[in-house]
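Notes follow the structure.
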Amino acid sequence: MKVLIASSEIVPFAKTGGLADVCGALAKELSKLGAEVSLCLPLYRSVLEGNFEIEPILEDLLIELGHYKLTADIYKGHLGNIDVFFVRKDEFYDRTYLYATPKGDYFDNAQRFIFFSKAVISLSKALNIKWDIIHCNDWQTAIIPVILKIFYADHPLFKDTKTIFTIHNLGYQGVFPKDSFSLTSLPPHLFSIDGLEFWGNMNLLKGGIIFSDLITTVSPTYAKEIQTEGFGFGLDGVLRAHAHKLIGILNGVDYSEWDPERDTYIAANYSKRDISGKSRCKKDLLDEFHLHTRLAERPLIGMITRLAAQKGIDLLIDAIDEIIEKEVGLVILGKGEKRYEDALRSISSRFKGKIGIRIDFDNGLAHRIEAGSDMFLIPSLYEPCGLNQMYSLKYGTLPIVYNTGGLADSIIEVDEDKGEGTGFKFYNYSKSGLCEAIDKAIRCFLNKGLWQRLIIQAMSCDFSWGRSAKEYLKIYQMLLSSKSPQ
Ligand code: ADP
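Per our numbering, the very first residue in the sequence shown carries number 117; after that it's consecutive.
Written as structure tokens, this is what we have:
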């Protein structure tokens, strides 16, 4: 089976978030399972400067963007035994950031990613590669299934190719002014309610939903949620209309990076066979943030997050006094919107010795917080999959989460009587809902025997990528045999 994964970011070449991790890890696992996988992404500055071995294989590939005739050069590199195609167009991709500067989005993102999407098709033609599956990801590559359906349905190279479109976060849709539609070269009738039109603008993600053979998203619960008004960002109706081809597959975790037994960032290694190192990690974390030593005997709650509305920072700020009254410690690592950074700084000065806050993006500290905390807080309003709760389980740090998306799918509510479960969920998105979940977590923490048992259960969970990759392979196979995925 020949599979091409097209994405605007892929680890280790370029990354701003989970999308990059997913594409890199999925490709490697699919390849282990026997699929012949290739990857394709833009040749960004991070690739040019990253010491990767790449070589040019095609020059001056013609790409039409509306009335403009442009060219791209195609480079090839490798990720293990996986071929990686890079689309080189320095005017578009040799920039400091992938999508946006701190001042906002690049003005030409529609050009940059429609160009990239067209280049994916053109390079396949130029190299005469017949893909069984083209797997597209998020709005940046959403136009590929549309172009294939409209222009290539009878083309010998593409007529049997199936397209999969994965939505990693419906909050980002690639919405551009109507004028940008001409860049797609699609017939004008597709700028309509049944096509890419969205409240007078062009919506690229909508095209991917309508024209792909199968849509996936990154957890089963999120697949259901995005079909509702509350989570649909205006596309819930379109998703409901295409629900027959929408499924959710939970992302996996890279345990070579996130495993307390091998972690090189933490004060002491530990495993479920011997968790004694975890208390050293906690002491180390309390010291690093100058928190009261008496917190060694009280629950320490960690949080690592982008500081964005999606992550529930408003609820946290609203509930902070009540949480701290419960005699727990709190360690927060986050970076993002200035209004939240300022609010957290002021909280940290109000609760010296009880709350430690670091406004930064720091991978090493993220590992130390996972290892040193007793509990991990994720009050996200919505969470397509979420990775931190799965890391927390591996580190024996019990998650307290809002019951949404991938958080709902990966955490099992603790049953205090049976001594079973892996975390604490709140079902009512409110200060009282959150505080009740924290109260339950504290009750369990104070019962030492129960807590040990819960830690071991959490550390025994397996969210490795192999399981997710098998599910993707299964749906590829179903598509190729043209059976319905449901
Ligand atoms: P999202 O992709 O919506 O930000 P995920 O939970 O899927 O959320 O993935 C976020 C990843 O980024 C996790 O690996 C998390 O540990 C990491 N991360 C987020 N914020 C920070 C930060 N300030 N410092 C270090 N790592 C962070």
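Just so it is clear, CB atoms sit at the ideal spot from N, CA and C, and this is done for glycine as well.
As the crow flies, the alpha-carbon of R422 is around 13 angstroms from that of I473. Here the alpha carbon of P376 sits roughly 5 angstroms from the alpha carbon of N385. For W567, the closest of T513, G450 and M318 by C-alpha to C-alpha distance is T513.
The Cβ atoms of E125 and L214 lie closer than 8 angstroms to each other. Taking C-beta separations shorter than 7 angstroms and ignoring five residues to either side along the sequence, the partners of G428 in its chain run P495, S496, L497 and Y518, following chain order.
By the Cβ neighbour-count rule, E532 is exposed, with fewer than 16 other Cβ atoms within 10 Å of its own. Contact check for I250 and T212: beta-carbon distance about 30 angstroms, past the 8 angstroms limit, so the pair fails to qualify. With contacts defined as CB atoms closer than 8 angstroms, Y371 and R484 fail to qualify as a contacting pair. Every beta strand (DSSP E) of 3 residues or more that sits fully in the segment 279 to 349 is shown, in chain order, as 317 to 319 and 330 to 333. Contact annotation, L416 with G393: C-beta distance approximately 15 angstroms; criterion of less than 8 angstroms not satisfied.
If the five residues before and after G196 are omitted, its C-beta is found closer than 8 angstroms to the C-beta atoms of K144 and S147, all from its own chain and listed in chain order.
K275 has no beta-bridge partner at all, per DSSP.
If you draw a straight line from the Cα of R389 to the Cα of L509, it comes to about 15 angstroms. DSSP, read as helix, strand or coil, puts Y268 in coil. Less than 8 angstroms separates the beta-carbon of A226 from that of L299. The DSSP assignment places complete beta strand (DSSP E) segments of no fewer than 3 residues inside the segment 239 to 264 at 249 to 253, in order along the chain.
In the DSSP assignment, M419 forms a beta bridge with I448. The beta carbon of Q573 sits closer than 8 angstroms to the beta carbons of E536, G537 and T538 from its chain, once the five residues preceding and following it are set aside; these are given in chain order.
When R378, I325, N367 and E486 are compared, the shortest CA-CA separation from L355 is found for I325. If you compare the alpha carbons of G522, R414 and G350 with that of C560, the shortest gap goes to R414.
In the structure shown, T538 adopts coil according to DSSP, grouped into three states. In this structure the segment 272 to 292 lies against the segment 250 to 259, because at least three pairs of beta carbons, one per stretch, are closer than 8 angstroms. The nearest non-hydrogen atom of ligand 1 is less than 7 angstroms from the C-beta of K451.
Taking the Cα positions, K470 is about 31 angstroms away from G134. Burial state of L178 is exposed, judged by a 10 Å Cβ sphere holding fewer than 16 other Cβ atoms. Per DSSP, A122 is not a residue of any alpha helix (DSSP H); the beta strand (DSSP E) it occupies stretches across K118 to A122.
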